[in-house]
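Numbering (UniProt numbering), first residue to last: 1 to 411.
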Amino acid sequence: MIEPKVFSVGQINRYIKNLMENDFILSSLLVKGEISNFKAHSGGHLYFSLKDAVGAISCVMFRQDALSLPFEPENGMSVILYGHVSLYEKTGQYQLYAEMMEPIGIGSLQIAYEQLKRKLEEEGLFDEDFKREIPPYVETIAVITSPTGAAVRDIIQIAKRRDPRVKIAVFPALVQGERAAEDIVQALKLANEWGKADVIILGRGGGSIEDLWAFNEEKVARAIFASEIPVISAVGHETDFTIADFVSDLRAPTPSAAAELATQPLMQKIEFVLQLEKRLERNCMAMIEDAKRRLLYIKERPVLKRPLERVYNAQLLLDKMELAMSKATKQKLLRYSEKIGTLDTRLVASSPFSVMKRGYMIGMNEHNKAFVSVKQVELDEVIRLRLQDGHLKAKILEKAVIDLGEEKADI
1 MIEPKVFSVG QINRYIKNLM ENDFILSSLL VKGEISNFKA HSGGHLYFSL KDAVGAISCV
61 MFRQDALSLP FEPENGMSVI LYGHVSLYEK TGQYQLYAEM MEPIGIGSLQ IAYEQLKRKL
121 EEEGLFDEDF KREIPPYVET IAVITSPTGA AVRDIIQIAK RRDPRVKIAV FPALVQGERA
181 AEDIVQALKL ANEWGKADVI ILGRGGGSIE DLWAFNEEKV ARAIFASEIP VISAVGHETD
241 FTIADFVSDL RAPTPSAAAE LATQPLMQKI EFVLQLEKRL ERNCMAMIED AKRRLLYIKE
301 RPVLKRPLER VYNAQLLLDK MELAMSKATK QKLLRYSEKI GTLDTRLVAS SPFSVMKRGY
361 MIGMNEHNKA FVSVKQVELD EVIRLRLQDG HLKAKILEKA VIDLGEEKAD I
């Protein structure tokens, strides 16, 4: 009689595990279901069950695979898993070892976006109380974007057109790809360490959610929030918002719009200086008149009418104060007059009439609107030419477009 072979528990478990791992179906398969009993271990591993209407299976995703997920799995989320089925020998329990996970019905990036948005909103990073106002008169702008893209050219062109004196410093950064988020964070840090900018413009041209994903990274959002300099986001899309838009102090729909929001026309700055001059003059005169009234009140008091010496001394003091204040006022008015003279010289030099004296002219269509491009007029159209001493009427006989080349800016 042959005695039956006796197996140990470990032998049985190893045998079953070997069968599973070499099975054609179980060794590589896709499984769909709903996540339940989800738990993220401190070591980075993910443990959960995948269930449907008739059953459930225990699942595990190890840290190296979990790190590649762009979103955080949650209970109730419907997903498709790729992996293999094997046996955990210690307990004799079979489970699905997931290597990849994809949500059903909505993209993984969209889920990651909504999860991060909800998280940062709960932390208060979007609160209006933390938003800083953009300075009304900006002298220096830090631009964080690709140094070769259209966004940086648009920002420089618009800002310089509105205020030729504004200074622009470009902090180059990748704005697309795996290294883009880290590049943007580093550029924000460098701009703050430099400390000379009044405002930061962070932007790029538009694109798909994948192209713009660097602006949805948590590290970028926290770097914007930590910036000591106000940040204008300009990611070049009209309707969709990135996480960077919510955290920034101000959102612009395009890089060109950001340049307009960050600058003020030169004439507004000149008007501001003139208002300051008038205010200073009024304040100085008010101080002098107040001193005169107080001295007159003192002189009229009966107790002081007899000792004329005190009145005389007070009069001398008043005259001295008035002379000193008048001198100070004239000096300040002189300084402001010199500044206004400089600005006036610049305005005269850039006046259209000054330009026409140098041989240039202004073309206007039949509606008396000036045009700056050949694309704004048609062949055989009658136009008016404004010169320094009169007008000429002309007819368009020929059009030719001249390629001036790409503008270059000194940074």
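Glycine included, each C-beta is placed from N, C-alpha and C at the ideal position.
By the three-class DSSP mapping on this structure, what secondary structure does residue i have?
| i | result |
| --- | --- |
| I184 | helix |
| N37 | strand |
| G177 | coil |
| G206 | coil |
| P103 | strand |
| Q388 | coil |
| A394 | strand |
| A150 | helix |
| G10 | helix |
| F353 | helix |
| I298 | helix |
| A112 | helix |
| I402 | coil |
| M364 | strand |
| I383 | strand |
| K330 | helix |
| V166 | coil |
| I340 | helix |
| F171 | strand |
| residue 412 | Past the edges of the chain, shown from 1 to 411, lies residue 412, and the structure says nothing about it. |
| A197 | coil |
| V143 | strand |
| A409 | At A409, the pLDDT of 40 sits below 50, so the modelled position is not reliable and the matter cannot be decided from this model. |
Please classify residue i as buried or exposed, where buried requires at least 16 neighbouring CB atoms within 10 angstroms.
| i | result |
| --- | --- |
| L188 | buried |
| G33 | buried |
| D249 | buried |
| I243 | buried |
| D154 | buried |
| F7 | exposed |
| R282 | exposed |
| I184 | buried |
| Q251 | In the sequence as displayed, the identity of residue 251 is Arg instead of Gln. That one is buried. |
| S2 | Contrary to the premise, residue 2 reads as Ile rather than Ser in this sequence. It counts as exposed. |
| P103 | buried |
| T345 | exposed |
| S256 | buried |
| T342 | exposed |
| S146 | buried |
| V54 | exposed |
Of the residues the options, which one's Cα is nearest the Cα of residue i?
| i | options | result |
| --- | --- | --- |
| M356 | R386, T342, E381 | R386 |
| R204 | G177, G195, E218, W194 | G177 |
| F126 | A226, Y297, L109, Y360 | A226 |
| A197 | P255, R179, Q315, P230 | P230 |
| residue 446 | L295, S354, A234 | This structure cannot settle anything about residue 446, because the visible part of the chain is limited to 1 through 411. |
| S78 | P70, M101, M61, E89 | M101 |
| D389 | D403, K369, K399, F353 | F353 |
| G10 | P4, I340, G92 | G92 |
| N37 | I2, I383, M20, N75 | N75 |
| R279 | K332, A262, E300, Y113 | K332 |
| E114 | A262, R132, P70 | P70 |
| R14 | P73, E89, L379 | E89 |
| P73 | A56, Q110, G55, A53 | Q110 |
| I35 | I200, L46, E338 | L46 |
| D380 | I12, L397, F371 | L397 |
| L276 | L295, N313, Y336 | Y336 |
| D290 | L316, E322, A259, A262 | E322 |
| L316 | L295, T329, Q186 | L295 |
| A112 | I80, V170, E210, T148 | E210 |
| K395 | I383, K17, V401, I402 | I383 |
| V31 | A56, H41, S42, D23 | A56 |
| R132 | G44, S42, I200 | I200 |
| L81 | L50, V54, M361 | L50 |
| H391 | M364, D245, F171 | M364 |
| A314 | I362, K327, I298, S326 | I298 |
| V143 | I12, A169, L334 | A169 |
| E128 | L334, F246, Y312 | F246 |
Quick check: is any heavy atom of the ligand FAD less than 6 Å from the C-beta of residue i?
| i | result |
| --- | --- |
| G341 | Absence of the ligand FAD is noted for the structure shown, with no ligands found whatsoever. |
Does any residue of chain B have a CB that is nearer than 7 Å to the CB of residue i?
| i | result |
| --- | --- |
| E218 | Structure shown: chain B not included; a single protein chain is present. |
> Would you say the region 62-79 touches the region 91-103, given that touching needs at least three Cβ pairs under 8 Å?
Replying inline: yes
>> Closer than 8 Å is the cut-off here; do at least three beta carbon pairs connect the region 212-228 with the region 136-150?
In response: no
> With a cut-off of 8 Å, do at least 3 Cβ pairs link the region 21-39 to the region 75-92?
Replying inline: A contact between stretches requires three or more CB pairs, one per stretch, nearer than 8 Å, and the region 21-39 meets this requirement with the region 75-92.
> If you scan the region 213-294 from start to end, which runs of the beta strand (DSSP E) of 3 or more residues do you find wholly inside it?
Replying inline: Here the runs fully enclosed are 231-234.
> Given 8 Å as the limit, is there contact between the region 162-181 and the region 281-294, that is, 3 or more CB pairs closer than that?
Replying inline: no
>> I'd like to know if the region 115-130 and the region 219-226 are in contact, where contact means that at least 3 CB-CB pairs between them fall below 8 Å.
In response: With a cut-off of 8 Å, the region 219-226 and the region 115-130 count as touching, because enough Cβ pairs lie within range.
>> As an exercise, report each continuous alpha helix (DSSP H) stretch of at least 4 residues that is fully enclosed by the region 19-101, in chain order.
In response: 63-66
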